[in-house]
Structures are given as structure tokens and as C-alpha cells.
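See structure below.
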Amino acid sequence: MNKPYIFEPRHIILILIMLLYMRASAQVSPDSKLGARSQSSNYETPYSLWRSNPDWHRLWLNTGVLGGAFVGTLVVLECLPEDATSWNRAELQDVPLFKRWRNHVIKKGPEWDHDKFYFNYLLHPYAGAVYYMAARSCGFNAWQSLVYCTCVSTIGWEFGIEAFMERPSIQDLFITPLAGALIGEGFYLAKRKIVDNDYTLAGSRFLGNTVAFLIDPVNEVIGLFAGNDCRKMAKQRKQEHLSSSILFRDGGTLKVGLSMACVF
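Residue numbers (numbering that gives the first Met the number 0): 0 to 263.
Right under this line is the structure:
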């Protein structure tokens with residue numbers, strides 16, 4: 000008859016140490032996980048200006064949404080007083096749409112505009128930051144996001160939609176992408192902090208969600224319908240917050256303790 004195997008305290012200790020070693024090995028190098036699975040968001044990795052892991056599908060989706068937003072913006076500007084945009088509506092109505100574009104872009108070219116201060120130096124830099132974030136939050140690095148911001152603001156807006164109404168603006172060709180990129184990188188750093196804190200800011204989820212929307216409206220709105228990796232990541236971090244510890248005490252006796260906390 001076989002003698003039954005009896006677990007002794009030292010065996011339990013060895014098993015616990017092995018389990019902790021396996022867990023620690025999985026967490027020692029966060030970068031080693033990157034090779035095991037594809038990262039869909041820059042927010043899952045340490046901050047870097049140059050790391051790039053682009054999500055092209057999401058970027059094209061963002062670009063389509065921005066195109067629709069440009070058309071909507073043009074409609075809103077049409078409703079503003081004439082002195083707000085310096086558009087001569089009576090003169091524009093006498094010229095066919097595409098002939099206007101040809102006159103503004105090809106025949107005359109860019110000019111120094113005389114729009115209101117808040118249009119040129121507040122709203123345009125903010126718009127540039129939004130374009131920048133549309134790419135930055137899709138895994139593109141700072142340089143790539145600047146290129147995207149420049150293409151959207153110049154080709155999409157200045158030489159695109161807005162050129163049907165007026166000549167491209169010299170100020171906007173530079174201010175929108177350059178100032179927008181600087182502000183946009185600040186937005187990106189701010190959003191990283193918000194995501195790390197489960198979309199809370201100053202202890203308020205309402206404030207955190209509001210600021211996240213204001214600094215990255217394209218990705219936050221599309222995320223409501225196409226999924227938001229940042230929110231999934233924040234939720235996973237909250238649900239999988241585990242802690243374990245082994246307590247060793249002197250004095251002739253060995254006490255082993257294991258504690259685990261799950262926060263939902």
C-alpha cells in the first residue's frame with residue numbers, strides 16, 4: 000500500500016514563491032509584451048515623441064469625419080455675419096462654385112487675410128491641435144501627426160473647402176499646423192494623464208470626460224460607435240488591480256500570508 004503524500008509547510012512556501020516568480024516574470028518588462036501582441040494605442044506604452052504604431056484604418060475613419068466636419072463648418076460660417084469672415088456673399092453668388100475655387104487657388108493664390116483675431120490666432124491653432132490629435136491618438140508619432148495636421152489644414156481646408164469661398168490665408172497655412180502641433184502635443188500629454196486616471200480629472204469623472212472630449216473630439220466621438228481603446232484600457236486597469244504579498248516573521252515560527260484585492 001502506497002504511503003499518502005503529505006504537504007509540509009515548506010512545500011506550500013515553495014509553491015507560493017513559484018507562483019510569485021511566474022507573475023513577476025510576466026510583469027518585469029512591459030516592453031516585452033509589445034512583441035507578443037499588437038498595440039492599438041500609444042496610451043498603452045511609455046511616452047515617446049518618436050514611437051510609431053499607426054492604426055491606418057482608424058485614421059482614414061477620422062479623416063472622413065473631419066471631411067464631414069469641414070462641410071458643416073462651412074455651413075456655420077455661411078450663417079455668421081459677413082464681417083466675421085470677410086466673405087463678400089453678393090459677389091460670390093455671381094460666380095459658379097468651381098470657378099470660384101479656380102480663381103482663388105490657381106489664378107490669385109494665397110493672401111494675407113483680415114479675419115477676426117480669434118479666428119486666426121485662437122480657433123485655427125485649436126483646430127490644428129484637433130487635427131494633430133486625430134493622428135496622435137491613432138498611434139502616429141509627433142512628426143507623422145504634424146505631417147497629417149499640415150495636410151488636413153492646407154489641402155483639406157485652406158486649398159479645399161474654404162477655397163470655394165475665399166483665397167487661402169498665408170497666416171493660416173503656417174499658424175494652424177505649427178501652433179496646432181505644439182498645442183496638440185500638450186493635449187496628448189494631458190489625455191495620457193486622464194486615461195491613466197480612468198478618465199477622471201481632479202477627482203471628477205465629469206470633468207475628465209469633458210476635457211478628454213475637448214482635447215480629442217474626433218477620437219472620443221468616433222469611439223462611441225467604433226470602440227475606444229483608451230476607455231477599454233482604463234476599465235481593464237481598474238478591474239485587474241491585484242496585489243499580493245508574502246509575510247515572513249522571525250521568532251522561531253514562520254507565518255505565510257497571501258492577500259489579494261480586486262477593485263471594481
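Quick reminder that beta carbons are idealized off the backbone N, C-alpha and C, glycines included. Owing to the predicted nature of the structure, the values given are computational and were not obtained by experimental measurement.
Does the Cβ-Cβ distance between residue i and residue j come in under 9 Å?
i	j	result
Tyr130	Phe139	no
Leu96	Thr84	no
Ala134	Gln143	yes
Ile42	Val194	Here residue 42 is Tyr; the residue named in the question, Ile, does not match the sequence. For Tyr42 and Val194, yes; Cβs fall inside 9 Å.
Leu172	Glu157	yes
Ile264	Val70	This structure cannot settle anything about residue 264, because the visible part of the chain is limited to 0 through 263.
Asp114	Ser168	yes
Ala189	Val210	yes
To the nearest angstrom, how far is it from the Cα of residue i to the Cα of residue j?
i	j	result
Leu65	Phe163	17 Å
Ile174	Asn196	32 Å
Arg191	Leu58	19 Å
Trp86	Pro176	23 Å
Lys124	Asp93	For the record, residue 124 in the displayed sequence is Pro; it is not Lys. Going by the C-alpha atoms only, they are around 32 Å apart.
Leu79	Ala126	18 Å
Glu110	Pro45	42 Å
Glu219	Asn119	25 Å
Gly63	Cys150	14 Å
Leu213	Ala89	35 Å
Tyr198	Asp54	22 Å
Lys32	Phe116	Note on Lys32: pLDDT 39, under 50, position unreliable in the model; the coordinate value appears next. Answer to the nearest angstrom: the Cα atoms are 48 Å apart.
Ser203	Gly67	32 Å
Leu60	Leu121	26 Å
His56	Thr72	24 Å
I'd like the list of long-range same chain contacts for residue i, defined as Cβ closer than 8 Å, with 5 residues on each side in sequence excluded.
i	result
Lys107	Arg166
Ile154	none
Gln38	In this prediction, Gln38 has a pLDDT of 47, which is less than 50 and means its spatial position is unreliable; what the coordinates show is noted afterwards. Thr44, Asn52 and Gly138.
If you drop the 5 nearest sequence neighbours on each side, which residues of the same chain put their C-beta closer than 6 Å to that of residue i?
i	result
Ala128	Gly179, Ile182, Gly183 and Phe186
Gly222	none
Asn208	Tyr198
Gln26	Annotation note: pLDDT 45 at Gln26 (below 50); position unreliable, no value reported.
Assuming residue i and residue j form a contact by the criterion Cβ under 8 Å, report the distance between their Cβ atoms to the nearest whole angstrom.
i	j	result
Ser40	Met232	7 Å
Asp215	Ser136	6 Å
Gln170	Asp112	6 Å
Leu206	Ala141	About 27 Å separates the two Cβ atoms, so there is no contact after all.
Leu91	Arg99	6 Å
Excluding five sequence neighbours on each side, which residues of the same chain lie with their C-beta closer than 7 Å to the C-beta of residue i?
i	result
Val74	none
Asp249	For Asp249, the predicted model reports a pLDDT of 49, less than 50, meaning its position is unreliable and no value from the coordinates is stated.
Leu200	Ile193, Leu206, Gly207 and Val210
4-residue-minimum alpha helix (DSSP H) runs that sit fully inside the segment 107-154, ordered along the chain: Whole alpha helix (DSSP H) segments, 4+ residues: 123-135 and 141-150.
In chain order, what are the residue ranges of uninterrupted beta strand (DSSP E) at least 3 long that sit wholly in the segment 175-243? DSSP runs (the beta strand (DSSP E)) wholly in the segment 175-243: none.
At which residue ranges does the segment 77-110 contain complete alpha helix (DSSP H) runs of 4 or more residues, listed in the order of the chain? Here the runs fully enclosed are 81-84, 88-92 and 96-101.
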